[in-house]
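Only one structure is covered here, and it is reproduced in the block below.
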Amino acid sequence: MFLSEKHKYNIMSSIKERQFFLQLLSFVTGPAIDVMQHYFEVKILTNIEFEDFLNDPNNIHQLFHQCYPTTPCCKCMTASLASTRKRGCLHLQQFDKLYDNSGLPQPKHENMMGSKILQHCLCKFSAKGSVTVDELDITLFYDVVQHCCPSKMNFMWRKNIKDVRNFLSHIPNGQVNNTDFEDNWRTLTNATLGFAREIGNKCKKMFEEKISEIKNSSIEVLKEKLKKSNEDITKMLETLNGIKQTTVDECKKTVELINYKQDENFKELFGNVIYIYLKLLLHLY
Numbered sequence: 131m132f133l134s135e136k137h138k139y140n141i142m143s144s145i146k147e148r149q150f151f152l153q154l155l156s157f158v159t160g161p162a163i164d165v166m167q168h169y170f171e172v173k174i175l176t177n178i179e180f181e182d183f184l185n186d187p188n189n190i191h192q193l194f195h196q197c198y199p200t201t202p203c204c205k206c207m208t209a210s211l212a213s214t215r216k217r218g219c220l221h222l223q224q225f226d227k228l229y230d231n232s233g234l235p236q237p238k239h240e241n242m243m244g245s246k247i248l249q250h251c252l253c254k255f256s257a258k259g260s261v262t263v264d265e266l267d268i269t270l271f272y273d274v275v276q277h278c279c280p281s282k283m284n285f286m287w288r289k290n291i292k293d294v295r296n297f298l299s300h301i302p303n304g305q306v307n308n309t310d311f312e313d314n315w316r317t318l319t320n321a322t323l324g325f326a327r328e329i330g331n332k333c334k335k336m337f338e339e340k341i342s343e344i345k346n347s348s349i350e351v352l353k354e355k356l357k358k359s360n361e362d363i364t365k366m367l368e369t370l371n372g373i374k375q376t377t378v379d380e381c382k383k384t385v386e387l388i389n390y391k392q393d394e395n396f397k398e399l400f401g402n403v404i405y406i407y408l409k410l411l412l413h414l415y
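Residue numbers for the sequence shown follow the working numbering, so the first one is 131 and each next one is one higher.
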């Protein structure tokens with residue numbers, strides 16, 4: 131079959147743009163999130179456990195009202211964080227990943243009117259000892275930092291990494307042109323090496339090597355690494371009520387169904403990050 135020069139150019143361009151997409155995706159789900167989590171552990175947690183950080187009275191109060199923004203809790207009697215007009219950034223599954231609510235409410239801490247809770251008892255919630263920093267995705271990690279210790283991590287670097295992730299989530303065909311690739315690659319590099327530099331020179335060199343490895347990897351190598359790194363995503367999807375994906379085809383059907391129904395309830399219930407990762411996972415095949 132004869133192919134015109136223009137057709138050949140379009141094919142080569144499409145392959146290259148596919149590689150750009152996979153390189154950015156590998157960067158944002160690899161070194162970019164890794165360096166933020168490493169910085170958090172070294173510079174913020176220092177000698178305390180993540181469980182202790184989550185159990186800090188101010189931190190648990192802040193995160194609780196990002197999940198339950200409108201209903202006050204027993205701690206709001208001294209410093210109220212609830213408001214009828216407030217919109218939280220955490221959905222229930224995210225909060226449940228961090229905290230256990232199996233404790234008993236303290237006397238007069240929980241107020242009910244029939245089946246409606248007028249005031250929660252925050253005392254019955256405690257951080258899960260099993261959760262670790264490296265288990266948090268970019269969205270949940272960003273929200274924890276933003277509401278618990280925003281001044282301790284460079285805001286612009288954090289936001290830039292999250293913005294690139296959001297940019298990739300809205301790519302419909304898994305392809306990124308050269309201009310967008312260069313701009314976003316530069317953004318990720320500056321943010322990643324910025325955090326690494328503040329940790330130490332050895333850390334900076336280590337992340338420079340990781341970034342270089344991604345920049346020089348072929349499409350097939352990138353795809354295989356991303357498939358392995360996204361195994362936890364498919365496992366996470368299997369736990370969702372009423373949704374159990376075990377194959378890429380099933381993931382694709384779910385995405386198509388959500389798009390067809392414009393199902394905002396899905397996003398509210400499970401969070402945009404699940405929907406985003408479903409879409410990203412499809413681009414690996």
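We put the CB at the ideal spot given by N, CA and C, even for glycine.
Going by DSSP, K334 is part of the alpha helix (DSSP H) stretching over 331-345.
Going by DSSP, Q236 is part of no alpha helix (DSSP H) at all; its letter is neither H nor E. In this structure, DSSP gives H250 an extended state, which the three-state scheme calls strand. Following the DSSP letters along the chain, one finds M283 in no alpha helix (DSSP H), marked with neither H nor E.
Contact between F194 and F255 holds: their C-beta atoms lie close to 7 angstroms from each other, under 8 angstroms. Boundaries of the alpha helix (DSSP H) around N188: 187-197. Of the residues assessed, N314 falls on the buried side of the cut-off, its CB having 16 or more other CB atoms within 10 angstroms. Under the criterion of beta carbons closer than 8 angstroms, C204 and L252 qualify as touching, at roughly 5 angstroms.
Approximately 6 angstroms separates the beta-carbon atoms of R148 and I349; this is inside 8 angstroms, confirming the contact. DSSP places M242 in the uninterrupted beta strand (DSSP E) bounded by 241-243. Look at the beta carbons and you see the segment 269-280 not touching the segment 230-238: under three pairs across the two are nearer than 8 angstroms. Between T322 and A162, the gap from beta carbon to beta carbon is short of 8 angstroms.
I190 is the residue among L154, L152, N241, I190 whose C-alpha sits nearest the C-alpha of F225. Put simply, of T269, N188, M207, P237 the residue whose alpha carbon is nearest the alpha carbon of Q223 is T269. Nearest to W287 by alpha-carbon distance, out of E312, S144, S260, R316, is R316. The beta-bridge partner set that DSSP reports for D226 is empty. The C-alpha of N241 is placed about 25 angstroms away from the C-alpha of L184.
Annotated three-state conformation of S256 is strand, per DSSP. Residue state for C206 is assigned as helix, using DSSP reduced to three classes.
Straight through space, the alpha carbons of N346 and M207 are spaced by roughly 56 angstroms.
Looking at M336, K282, F311, E312, the one whose alpha-carbon comes closest to that of I174 is K282. Pairing F325 with V165 gives a Cβ-Cβ distance under 8 angstroms. Contact annotation: L352 and L152 have beta-carbon atoms nearer than 8 angstroms.
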